[in-house]
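Below you'll find the structure, written out as structure tokens, and then a few comments.
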Amino acid sequence: MFSNNGFIILLTLLIALMASITPMPLSFDAFRPDWVLIVLVYWCLALPSKVNIITAWVMGFILDVLLGSVLGVHACAMALSVYIIVVNFQKIRNFSVWQQALIIGVLSAQYHLVVFWLQRFLSDVVFLPNYLYPVVTTIVLWPWVFLLLRRVRRHFRIK
Amino acid sequence: MNPIFNQGTSPAHRLILVLCCSMALIFFDHKMSSFETVRGYLQSMVSPLQYMANAPKQIMNWASTNVVTRRQLMKENQDFRENELFFHEQAMELSIVRLENERLRSLLSSPVRNEIKKMFAEILSVDSDPYSHQVVINRGANDGVYEGQPVLDEKGIVGQILHVGSSSSRVILISDISHAIPVRIQRNGLRLIASGSGQIDRLIHNFVAHSADVKQGDLLVTSGLGGKYPEGYPVARVVLVRTDESREFATIYSEPVAQIDRLRYMLLLSKDQPNNESKKQAVNSTSLKKTTTTAGKS
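Following this line, the structure appears as structure tokens:
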């Protein structure tokens, strides 16, 4: 993972982790996009030999520690979402950015639902529609993150 | 070079492996809670990330406190002076009442209340996870924080310490769905349990009989039962009482008095005598909280 400027991948993932815990006003907080998922999906599409399900699981685990949820919940959901990308990366690569954005939206919704189901299984939380607000921001954010990370990848020649 | 035909384990096998790992983690963490000590270490390991994530907010705060006009500062200063005078007067009154109370208690040969040690803490981050209401503060085991320590802001009880790291720790808020706190109504001493609802502005009181004397606007204070929270600190105010006779119990909702969505500075109360290092940080002149304490006792 660290050959050919691979540490940049780790750096982007760390920045995504930080972005997902920076304090925000309560009204914007419900719309916080899934930074870690987006960045993981990009690297899985671009370099599936470097970033795989294990990476996703470890990132999800760190997210669990950062968010204080039951260990393994976000890890499990993240691994499931990234699995779909890893299996279909050659198809998804050929889609246009907006089609990709829609797929990321579905993945993000799946991610949130898996987290919700697991939480529901563990404690009696009730479903509120605003648990799915991040899906919208994630869809909007994907093209920009995609272009930015592609630039980063080409600039640092990460292979 | 990227191989066209991927070597190594197939994605499906990897998925099965990590799913098994997750299930084991969830089981051991939730059902057996065998990760309590490990979580402390993990918390300390990720605290640099938390401090870094908090940096933009710190810079903004710094900027906003530095870019104020002289007029604003003077006005603020004036307000603080007025408040200080006001609180000082209350503190004077209070010290007399406290002495009297202690004398009466010693006459009744009941134990005299000890002075509670306080520690000042600042919020580091708020969880974006909508399923749990937790915040991270900038004090940890190095400062003498321990698990289960009560946390409050200037208005009332906020929550208690959940996990302790070496330099940061995690506070579970009273509105979290897995949290409950024993309270009593200040007006008549009726005991209730306030459970979190998962919504920031609502606590639920289960199993209250229809005949119970609860009114809208009643202040709920900690009852001291259970030994976690000291007695008499304000917790919530009743916002809704619905006595629908077709239901078995009355429906009672209350709203926390602490500003849980606008937390910035908090106080940690410690029961035992802290060592001298943490004494430095102990806040001595918290006149406001003293007033609330006695208001609860009366």
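Protein chains in written order, with this note's numbering: chain A, 1 to 159; chain B, 1001 to 1298.
For each residue, glycine too, the CB sits at the ideal point set by N, CA and C.
For the beta strand (DSSP E) holding Pro-1182 (chain B), just list the boundary residues, first then last. 1180-1185
Please tell me whether Tyr-133 (chain A) and Ala-46 (chain A) are closer than 7 Å, where the distance is taken between their beta carbons. no
Strictly by DSSP, which residues pair up with Glu-1255 (chain B)? B:Arg-1237
Do Ser-1168 (chain B) and Val-1145 (chain B) have their beta-carbon atoms positioned less than 7 Å apart in this structure? no
3-residue-minimum beta strand (DSSP E) runs that sit fully inside the region 1060-1129 of chain B, ordered along the chain: 1117-1126
Determine the burial state of Asn-1061 (chain B): buried for a count of at least 16 other Cβ atoms within 10 Å of its Cβ, exposed for fewer. exposed
Pick out the complete alpha helix (DSSP H) segments inside the region 49-127 of chain A, 4 residues or longer, and give them in chain order. 53-67, 73-93 and 97-122
Three-state secondary structure assigned by DSSP to Leu-1220 (chain B): strand
Helix, strand or coil for Tyr-1174 (chain B) per DSSP? Correcting the residue identity first, residue 1174 (chain B) is Ile in this sequence and not Tyr. Looking at Ile-1174 (chain B) - three-state DSSP - the assignment turns out to be coil, as it is neither helix nor strand.
Quick one: using the 10 Å Cβ neighbour count with 16 as the cut-off for buried, is Tyr-131 (chain A) buried or exposed? buried
If you follow the beta strand (DSSP E) that Arg-1191 (chain B) is in, where does it begin and where does it stop? 1191-1196
Assign Pro-1048 (chain B) to buried or exposed, taking buried as 16 or more other Cβ atoms, counted over all protein chains shown, within 10 Å of its Cβ. exposed
According to the Cβ coordinates, are Leu-1220 (chain B) and Ala-1236 (chain B) closer than 7 Å? yes
Under 7 Å by beta carbon: chain B residues contacting Cys-76 (chain A): Leu-1019 and Ser-1022
Report the partner residues of Tyr-1265 (chain B) according to the DSSP bridge assignment. B:Glu-1122
Proximal residues of chain B, C-beta to C-beta of Tyr-111 (chain A) below 8 Å: Ordered by position in chain B, no residue passes the 8 Å Cβ test against Tyr-111 (chain A), which lies about 13 Å from the chain.
Could you check how far apart the C-beta atoms of Asp-1244 (chain B) and Thr-1251 (chain B) are, in whole angstroms? I think they sit under 8 Å. 7 Å
Consider the Cβ of Ser-69 (chain A): report whether some Cβ of chain B lies at a distance smaller than 7 Å. yes
Are there any heavy atoms of the ligand SAH lying less than 6 Å away from the beta-carbon of Met-1266 (chain B), as far as the coordinates show? The ligand SAH is not part of the structure shown, which contains no ligands of any sort.
Backbone secondary structure at Arg-1242 (chain B) - three-state DSSP: strand
Who pairs with Val-36 (chain A) in a beta bridge, going by DSSP? Bridge partners of Val-36 (chain A): none, in fact.
Between which two residues does the beta strand (DSSP E) containing Pro-1150 (chain B) stretch? 1150-1152
Report buried or exposed for Gln-119 (chain A), applying the criterion of at least 16 other Cβ atoms within 10 angstroms of its Cβ. buried
Residues that His-1030 (chain B) contacts on chain A, provided the C-beta gap is smaller than 8 Å: Val-70 and Leu-122
Taking its Cβ as the centre, do 16 or more other Cβ atoms sit within 10 Å of Phe-146 (chain A), making it buried, or is it exposed? buried
Keeping to the same chain, check which residues put their C-beta closer than 8 Å to that of Phe-89 (chain A); ignore five residues upstream and five downstream. Cys-44, Leu-45 and Pro-48
If we count the other Cβ atoms within 10 Å of its Cβ and call it buried at 16 or more, is Leu-1152 (chain B) buried or exposed? buried
Reference Ser-1095 (chain B); option with closest CA among B:Arg-1247, B:Glu-1115 and B:Arg-1242: B:Glu-1115
Of all the CB atoms in chain A, is at least one closer than 7 Å to the CB of Ile-1026 (chain B)? yes
First and last residue of the beta strand (DSSP E) that includes Leu-1203 (chain B)? 1203-1208
For Gly-1301 (chain B), name the three-state secondary structure that DSSP assigns. With chain B running from 1001 to 1298 in the structure shown, residue 1301 (chain B) is simply not present.
At 7 Å on the CB atoms, spell out the chain B contacts of Tyr-83 (chain A), in chain order. Pro-1011 and Leu-1015
What separation, rounded to the nearest whole angstrom, lies between the Cα atoms of Ile-1204 (chain B) and Phe-1027 (chain B)? 28 Å
May I have the straight-line CA-CA distance separating Arg-32 (chain A) from Phe-156 (chain A), to the nearest angstrom? 28 Å
Against chain B, with Cβ distances strictly below 7 Å, would Gln-119 (chain A) count as a contact? yes
By how many angstroms is the C-alpha of Val-1257 (chain B) removed from the C-alpha of Leu-1354 (chain B)? Since the first residue of chain B shown is 1001 and the last is 1298, residue 1354 (chain B) is not available in this structure.
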